[in-house]
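*Asks:* If you count by the working numbering, then the sequence shown holds residues 204 to 395, one letter each, in order. Note that beta-carbon positions come from the ideal geometry of N, C-alpha and C, so glycine has one too. Quick one: this structure, given as structure tokens, is what I'll be asking you about.
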Amino acid sequence: MQEYRDIVVIAGIPGVGKTTVVEEAVKKLKTYKIVNFGDVMFEIAKSEGLVKHRDDMRKLSPETQKKIQRHAAKKIAGMAADSNIIVDTHISIKTPKGYLPGLPLWVLEELEPTKIVIIDATAEEIFLRRKRDNTRRRDDESLESIKFHQRYNIYLAASYSMVSGATVSIVYNKEGKILEAVKELTSILEQD
Ligand code: AP5
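Printed below as a string of structure tokens:
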């Protein structure tokens with residue numbers, strides 16, 4: 204008989220603060236383990252000599268990214284065999300060749316998520332957080348382009364929900380109000 208496991212996908216466009224919010228929520232809940240999809244992909248890409256920096260992965264050819272993505276999804280599904288996990292990832296990745304789906308069918312089939320939670324904020328807040336965060340090599344993006352990516356992700360999340368049956372929720376990570384976002388996310392994670 205297959206072990207019970209719960210996989211929750213948490214996504215949000217780069218710089219929205221999803222990793223910050225998720226890490227705080229998990230300190231309170233302790234029943235979930237966080238797996239960062241980007242970390243797993245980066246380990247694979249580095250071991251194959253493809254990139255030196257995680258922010259270079261989205262510049263690889265779409266076919267290469269999809270190959271690494273599929274490999275990462277299998278590894279993550281394996282990690283979830285004996286524990287509930289939160290997968291910190293992206294609904295879509297903005298690449299030089301267009302938006303790449305973060306959860307195409309083969310990833311959804313591996314993960315079988317029960318919930319998809321989008322962490323969101325205003326485009327202005329995201330823009331400023333990216334500017335302040337010098338730990339990353341973020342792409343320069345206009346407010347209009349950030350807004351488009353946010354809208355696009357909502358449509359894409361609806362299509363992921365259609366094929367996987369996962370629910371979709373949105374948590375707003377307002378400026379300086381991380382704890383409010385953590386509280387809302389915690390309450391979503393606690394629901395059966
Ligand atoms: P990934 O590893 O997911 O990127 P990340 O490290 O999570 O970083 P993000 O850029 O998404 O930032 P964040 O939103 O988590 O913000 P943070 O908490 O740091 O992805 C790396 C790469 O992996 C991708 O580019 C892609 O190539 C690949 N990848 C991943 N998943 C994939 C998939 N499924 N398919 C294909 N490729 C995939 O916060 C940012 C800043 O804001 C911080 O300085 C923080 O202190 C601040 N902040 C946060 N909240 C607040 C607040 N409320 N008020 C004020 N400041 C705040």
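Going residue by residue through the stretch 234 to 282, where are the continuous beta strand (DSSP E) segments of at least 3 residues, counting only ones entirely within it?
*Replies:* As far as the stretch 234 to 282 is concerned, its whole beta strand (DSSP E) runs of at least 3 residues are 235 to 239.
*Asks:* Can you find the residues in the same chain that come closer than 8 Å, C-beta to C-beta, to Asn287, ignoring five residues on each side of it along the sequence?
*Replies:* Correct list, in chain order: Arg208, Asp209, Ile210, Val211, Thr234, Tyr235, Lys236.
*Asks:* Please classify Asp242 as buried or exposed, where buried requires at least 16 other C-beta atoms within 10 Å of its C-beta.
*Replies:* Asp242 is exposed by the Cβ-count criterion.
*Asks:* What number of angstroms, rounded off, separates the C-alpha of Leu388 from the C-alpha of Leu232?
*Replies:* Taking the straight line from one Cα to the other gives about 10 Å.
*Asks:* Check Asn356 in the structure and name its three-state DSSP category.
*Replies:* Helix at Asn356.
*Asks:* Report the residue from Glu312, Ile213, Ala275 whose alpha carbon sits nearest the alpha carbon of Ser367.
*Replies:* Of the listed residues, the one whose Cα sits closest to Ser367 is Glu312.
*Asks:* Does the beta-carbon distance from Gly305 to Ile296 come in below 8 Å?
*Replies:* Yes, Cβ-Cβ distance for Gly305 and Ile296 is below 8 Å.
*Asks:* Tell me whether Thr365 is buried or exposed, calling it buried when 16 or more other Cβ atoms sit within 10 Å of its Cβ.
*Replies:* Per the sequence presented here, residue 365 reads as Met, with Thr not at that position. Met365 should be labelled exposed.
*Asks:* For Ala280 and Leu314, I'd like the C-alpha separation in whole angstroms.
*Replies:* Going by the C-alpha atoms only, they are around 5 Å apart.
*Asks:* From the DSSP output, read off the bridge partner residues of Ala214.
*Replies:* In the DSSP output, where bridge partners are listed per residue, Ala214 has Thr292, Ile321.
*Asks:* What first and last residue would you give for the beta strand (DSSP E) that runs through Leu388?
*Replies:* Counting along the chain, Leu388 falls outside any beta strand (DSSP E), though it belongs to the alpha helix (DSSP H) covering 381 to 393.
*Asks:* For the ligand AP5, any of its heavy atoms closer than 7 Å to the Cβ of Glu378?
*Replies:* Correct: Glu378 has its Cβ closer than 7 Å to the ligand AP5.
*Asks:* Report yes if the CB atom of His274 is closer than 8 Å to the CB atom of Ala214, and no otherwise.
*Replies:* Cβ distance not < 8 Å, so His274 and Ala214 don't count as in contact.
*Asks:* Using only CA atoms, which one of Lys269, Met244, Arg333 lies nearest to Glu378?
*Replies:* Nearest of Lys269, Met244, Arg333 to Glu378, Cα basis: Arg333.
*Asks:* Going along the chain, which residues of its own chain have a beta-carbon closer than 7 Å to the beta-carbon of Thr223, five neighbours each way excluded?
*Replies:* Cβ within range, chain order: Ile381.
*Asks:* Roughly how many whole angstroms lie between the Cα atoms of Lys221 and Ile247?
*Replies:* One C-alpha to the other measures close to 23 Å.
*Asks:* Between Gly305 and the ligand AP5, is the CB less than 7 Å from at least one heavy atom?
*Replies:* Because some heavy atom of the ligand AP5 lies under 7 Å away, the Cβ of Gly305 counts as near it: yes.
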